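The structure appears right after this line, and notes come after that.
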Amino acid sequence: MDRVLVAGAGAVGSVFGGLLANAGFEVTLLGRTLHMQAVARRGLRICGIWGEHRATRLDVATAPASWKSAFNVVLVTVKSYDTGTLAPLVAEWLAPRGVAISLQNGLGNLERLAAHVDPAHVLGGRVIFGAEVTEPGVVEVTVCAEPVRVGAWLATDNNAVSQAHRWAAAFRQAGIPTEPCNSIVAELWAKVFYNAALNPLGALLRWPYGALAANPETRALMDQVIAECFAVAQAERVPLPWSSAESYREHFYSRLVPPTAAHRSSMLQDLERGKRTEIDAINGEVWRRGALHGISTPLNELLTRLVRAATTPSQS
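Residue 4 is where the sequence shown starts when you use this note's numbering, and the numbers rise one by one after that.
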């Protein structure tokens with residue numbers, strides 16, 4: 004049976020790891036001490052919209068270790084700002100034919116992994132379900148906008164594409180709604196459209212996603228954020244399935260926001276806990292890439308600066 008390492012077993016990573024363990028995979032969770040200690044004592048409880056589950060056949064670790072053997076897959080679920088540090092370790096942990104699958108927010112994670120792992124062994128997953136660690140050892144799945152999508156970083160490599168289909172099927176077998184996709188880059192950009200519009204405004208205003216869409220002022224701001232993101236993605240020649248920002252916004256408001264209307268931004272949770280946010284990998288990366296293409300992205304710049312300011316203690 005395949006050996007699976009979840010590198011960064013917080014909420015989303017624990018859901019993947021726990022359900023894969025229950026499906027028969029040999030899973031190791033690498034995560035924070037309190038959560039891992041609770042899992043070691045009484046197992047991992049997963050509750051919420053996908054039902055009640057308890058995973059007890061899990062190995063846990065709180066720091067990189069000398070594993071007894073290499074892993075067939077490493078699920079990378081750390082925050083985007085930790086990818087660069089983790090990537091060389093992932094390369095050491097993988098079996099010769101193993102794959103690394105980024106299940107993270109933002110842009111740039113696949114590139115950082117591919118700098119250390121054979122790019123043909125790098126996959127990406129677009130995740131638009133929400134989960135929270137409600138207490139150590141307990142994770143709740145709260146919302147799900149669409150199935151997870153898994154694809155190869157090198158979409159022209161037949162073996163990489165085959166691995167993407169294989170692991171999409173494994174996730175589906177474990178009870179995680181998942182589909183393979185032809186262009187993970189397009190899927191990750193589409194998630195950036197979603198996150199860039201909702202996460203920072205939800206964090207700064209402390210509003211759930213549905214309230215942001217219902218208010219005409221915040222809706223107008225989100226429309227502009229999406230337009231800026233779309234322009235940068237087009238400049239990067241991303242093969243998007245929408246012909247215009249307007250057509251994406253129709254999908255966004257009719258299909259994505261309603262099932263996640265009650266969701267609180269994970270960025271808000273980071274601010275409330277005094278933790279670093281992923282703003283630089285989302286709106287900040289759109290701003291950075293826009294500048295490289297000579298495209299103005301004033302709202303993405305503003306939201307990046309505001310969230311950074313909210314994260315930094317006042318000097319007054």
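Every residue, glycine too, gets a C-beta built ideally from N, C-alpha and C.
These numbers come from a predicted model, not from an experiment.
Discussion item. Restricting to Cα atoms, I'd like to know which of Gly16, Gly111 and Ile179 is closest to Pro150.
Written reply: By 1-based counting over the sequence shown, the position of residue 150 is 147. Of the candidates Gly16, Gly111 and Ile179, the one whose C-alpha sits nearest the C-alpha of Pro150 is Ile179.
Discussion item. Bridge partners for Arg129 per DSSP, in chain order?
Written reply: Position 126 of the sequence shown holds residue 129. Paired residue(s): Arg152.
Item to complete: List the residues that DSSP assigns as beta-bridge partners of Asp283.
Response: To locate residue 283, count along the sequence shown from 1; it is residue 280. DSSP lists no partner for Asp283.
Discussion item. Restricting to runs no shorter than 3 residues, where is the beta strand (DSSP E) found entirely within the stretch 215 to 240?
Written reply: none
Item to complete: Have a look at Leu201, Ile298 and Ala90 and flag the residue whose alpha-carbon is nearest the alpha-carbon of Glu239.
Response: Position 236 of the sequence shown holds residue 239. That would be Ile298, whose Cα lies nearest to the Cα of Glu239.
Worksheet entry | Neighbourhood of Gln318 by C-beta, 7 Å cutoff - its chain only, sequence neighbours within 5 removed | Stepping through the sequence shown from its first residue, residue 318 is reached at position 315. Only weak support exists for where Gln318 lies, its pLDDT of 46 falling under 50; the value from the coordinates is given anyway. So no residue of the chain qualifies.
Practice prompt. Give every residue of the same chain whose Cβ lies closer than 6 Å to the Cβ of Val102, excluding the five residues on either side of it in the sequence, and list them in chain order.
Written response: Indexing the sequence shown from 1 puts residue 102 at position 99. The answer, listed in chain order, is Val76, His124, Leu126 and Gln166.
Discussion item. Can you look up Ser319 in the DSSP assignment and give me helix, strand or coil?
Written reply: In the sequence shown, the residue the question calls residue 319 occupies position 316. Confidence at Ser319 is low in this model, with a pLDDT of 40, below 50, so the placement of that residue should be treated as unreliable; the coordinate-derived value is given next. Correct three-state label for Ser319: coil.
Discussion item. Assuming the contact rule is C-beta atoms closer than 8 Å, Asn108 and Ile285 should be a hit. Round their C-beta distance to whole Å, please.
Written reply: In the sequence shown, the residue the question calls residue 108 occupies position 105. In the sequence shown, the residue the question calls residue 285 occupies position 282. Contact holds; Cβ gap of about 6 Å.
Worksheet entry | Reference Arg100, options Val289, Ile52, Lys82 and Ala163, closest by Cα | Position 97 of the sequence shown, counted from the first residue, corresponds to residue 100. Residue Ala163 is the option with its Cα nearest to Arg100.
Fill in: Ile49 versus Ala294: straight-line alpha-carbon distance, rounded
Locating residue 49 in the sequence shown gives position 46, counting from the first residue. Locating residue 294 in the sequence shown gives position 291, counting from the first residue. Each residue's Cα considered, the two are about 42 Å apart.
Item to complete: Confirm the yes/no value for this check: CB of Pro244, any heavy atom of the ligand COA, distance under 6 Å.
Response: The model depicted lacks the ligand COA and carries no ligand whatsoever.
Worksheet item: In three-state terms, what does DSSP make of Phe28?
Response: Working through the sequence shown from its first residue, we reach residue 28 at position 25. It is coil, neither helix nor strand.
Practice prompt. Return helix, strand or coil for Pro183, following the three-state DSSP convention.
Written response: Residue mapping note: residue 183 aligns to position 180 of the sequence shown, counting from 1. DSSP places Pro183 in strand when its eight states are reduced to three.
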